[in-house]
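In numbering that gives the first Met the number 0, the protein residues as written are 0 to 149. Think of the CB as a built atom: it goes at the ideal place given N, C-alpha and C, for glycine as much as any other residue.
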Amino acid sequence: MRLEALRNHPVAFSADYAANKKQPATYWESRLRELGDDGMLYFAVYEGRLIGMCGMYRGNSPKTQHTAFIVIVYLQPAWRGQGVADALIEACLAWGRAHKVSVAKLGVSTDNIAAIRCYTRCGFTVYGVEPSALYYEDFMYDELLMARLL
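Below, the structure written as structure tokens:
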């Protein structure tokens, strides 16, 4: 699913499809194990089929553990607009509250209107803009920086 997300929406993620495709399954398994208490990854499944994902990870320093980042939000196109992404994000926020996170943050490309609407529905507000956050196919993309107090 991650490769599908990176391939179909290259500007929505900072990770690169070609680089990620080269990684063996053991690489991804070790990344999931390394999350420990500092992160969680949720999956949406319908009739045994993976349809979406969303993750959250927090800082590993005592000075940054109060902040966590929402990452890799992706839903297959047929499932968008049905509240699945909102539910995945809310699951991450619940995980954050249970782990004493007080601020959830994320970055979203300024041209990703559907995602911006979703994050706004979930209570996130813009606190800044990162200019030229992503470079893809000779074009620079700005990102909105959004946060929500938990």
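Proximity of residue i and residue j at Cβ, strictly below 9 Å
| i | j | result |
| --- | --- | --- |
| Ser101 | Tyr140 | no |
| Cys121 | Ile71 | no |
| Gly82 | Met145 | no |
| Trp94 | Met55 | yes |
| Ile69 | Lys99 | no |
| Asn19 | Leu5 | yes |
| Tyr73 | Ala11 | yes |
Closest residue to residue i among the options (Cα-Cα distance)
| i | options | result |
| --- | --- | --- |
| Cys91 | Leu40, Asp15 and Ser13 | Leu40 |
| Asn111 | Leu143, Ala93 and Asp137 | Leu143 |
| Val128 | Glu136, Tyr135 and Ile115 | Ile115 |
| Gln64 | Asp36, Leu31 and Met52 | Asp36 |
| Glu136 | Gly47, Phe123, Pro9 and Met0 | Pro9 |
| Arg171 | Tyr126, Gln22, Gly38 and Gly80 | A query on residue 171 cannot be resolved here, the shown segment of the chain reaching from 0 to 149 and no further. |
| Cys53 | Lys62, Tyr118 and Ala132 | Tyr118 |
Same chain only: Cβ atoms within 6 Å of residue i, ignoring 5 sequence neighbours per side
| i | result |
| --- | --- |
| Ile50 | Ala43, Gln75 and Trp78 |
Rounded C-alpha distance that separates residue i from residue j
| i | j | result |
| --- | --- | --- |
| Leu148 | Arg96 | 10 Å |
| Glu33 | Ser13 | 20 Å |
| Ala84 | Arg1 | 15 Å |
| Pro61 | Ala67 | 12 Å |
Same chain, Cβ closer than 7 Å to residue i, five either side skipped, listed in chain order
| i | result |
| --- | --- |
| Pro130 | Asp141 |
| Phe123 | Leu105, Met145, Ala146 and Arg147 |
| Tyr16 | Leu2, Leu5, Arg6 and Pro9 |
| Asn59 | Asp37 |
DSSP three-state assignment for residue i, whether helix, strand or coil
| i | result |
| --- | --- |
| Lys20 | helix |
| Val100 | coil |
| Pro76 | helix |
| Gly54 | strand |
| Thr66 | strand |
Neighbourhood of residue i by C-beta distance below 8 Å, restricted to the same chain and skipping five residues each side
| i | result |
| --- | --- |
| Gly45 | Gly is not the amino acid found at residue 45; the sequence shown has Tyr there. Excluding positions up to five away in sequence, the list reads Trp78. |
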